[in-house]
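Reading through the structure tokens given below for one structure.
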Amino acid sequence: MQQTITLNVDTAMDTENPLWEGMRTAPDINYYKNYVVLPKSPVQSVTSVKTYDDSDTATTMAASKYYVDTAREPSRIVLRTGETFPTALRVANAIEVIYVAGYTNAYTVPEPIRLGMLQHIAYMYEHRGDMYEAQGAPTLMKNLYAPYVVHGGMGSSNLMAVG
Numbered sequence: 013m014q015q016t017i018t019l020n021v022d023t024a025m026d027t028e029n030p031l032w033e034g035m036r037t038a039p040d041i042n043y044y045k046n047y048v049v050l051p052k053s054p055v056q057s058v059t060s061v062k063t064y065d066d067s068d069t070a071t072t073m074a075a076s077k078y079y080v081d082t083a084r085e086p087s088r089i090v091l092r093t094g095e096t097f098p099t100a101l102r103v104a105n106a107i108e109v110i111y112v113a114g115y116t117n118a119y120t121v122p123e124p125i126r127l128g129m130l131q132h133i134a135y136m137y138e139h140r141g142d143m144y145e146a147q148g149a150p151t152l153m154k155n156l157y158a159p160y161v162v163h164g165g166m167g168s169s170n171l172m173a174v175g
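Shown next as structure tokens:
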């Protein structure tokens, strides 16, 4: 369900780059990141984007300087053309994003997720007390959840998996 989330990142480049093998034939455009990934989905809205300098002074970025890209998952905040994040930011937790994520009500949760949850609850109830036999998740439940699993990126090692 919907919840307000506060995301703190050290820099705009505080995201995992996938492993690259082979030669690059063009400049590495991922080196200069102009976005911040919002890990929880689906994103409903972004309340604020703040940056903190070395003296811990917060500066709220104007909403006209960025847009929220919800067409992809995970969603992200992308700076508009010509905009950059400030450079004199503190070392840790320099960028704070407050956003609202989740489904608006129980009727907007996709049916496969609801069915998967019912399967999971029934499975856990049936195997209560079976310490070693209840560790695996039923294949049906995994198949219901599969289209909604958000991966960390191509080549990422931090895949969010069920079971």
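Just so you know, we're using our numbering here: the sequence shown kicks off at 13 and counts up by one.
In this text, a Cβ means the ideal position worked out from N, Cα and C, and glycines have one as well.
{"Item": "Cross-strand partners of K77 (DSSP beta bridge)", "Value": "According to DSSP, K77 bridges with nothing at all."}
{"Item": "Beta-carbon proximity of S76 to V55, cut-off 7 Å", "Value": "no"}
{"Item": "Residue environment, I133, which counts as buried when at least 16 other CB atoms sit within 10 Å", "Value": "exposed"}
{"Item": "Beta strand (DSSP E) runs wholly inside the segment 57–144, at least 3 long, in chain order", "Value": "70–72, 78–81, 88–91, 107–113"}
{"Item": "Between the CA atoms of L50 and N170 - distance to the nearest angstrom", "Value": "Unreliable placement is indicated for N170, whose pLDDT of 43 sits below 50; the coordinate value is still reported in the next sentence. Roughly 15 Å separates the two Cα atoms."}
{"Item": "Simplified DSSP state of G175, which is helix, strand or coil", "Value": "In this prediction, G175 scores a pLDDT of 38, lower than 50, which makes its location untrustworthy; the coordinate-derived value is nonetheless stated afterwards. Looking at G175 - three-state DSSP - the assignment turns out to be coil, as it is neither helix nor strand."}
{"Item": "N155 - DSSP class collapsed to helix/strand/coil", "Value": "helix"}
{"Item": "Nonlocal neighbours in the same chain, by C-beta distance under 6 Å from Q15, ignoring five residues either side", "Value": "G114"}
{"Item": "Cβ pair I17, Y137 closer than 7 Å", "Value": "no"}
{"Item": "Selection from N155, L19, G141 that minimises the alpha carbon distance to L127", "Value": "N155"}
{"Item": "Contact under 7 Å by Cβ, T71 with T63", "Value": "yes"}
{"Item": "Same chain, Cβ closer than 7 Å to D66, neighbours up to 5 away in sequence not counted", "Value": "A100, R102"}
{"Item": "Presumed contact (8 Å Cβ cut-off) between A106 and T23, rounded CB distance", "Value": "6 Å"}
{"Item": "Supposed contact pair V90 and Y79 - C-beta distance, whole angstroms, cut 8 Å", "Value": "6 Å"}
{"Item": "Nearest-angstrom beta carbon gap, E108 and N20 [assumed within contact, 8 Å]", "Value": "5 Å"}
{"Item": "Extent of the continuous beta strand (DSSP E) run through V21", "Value": "15–21"}
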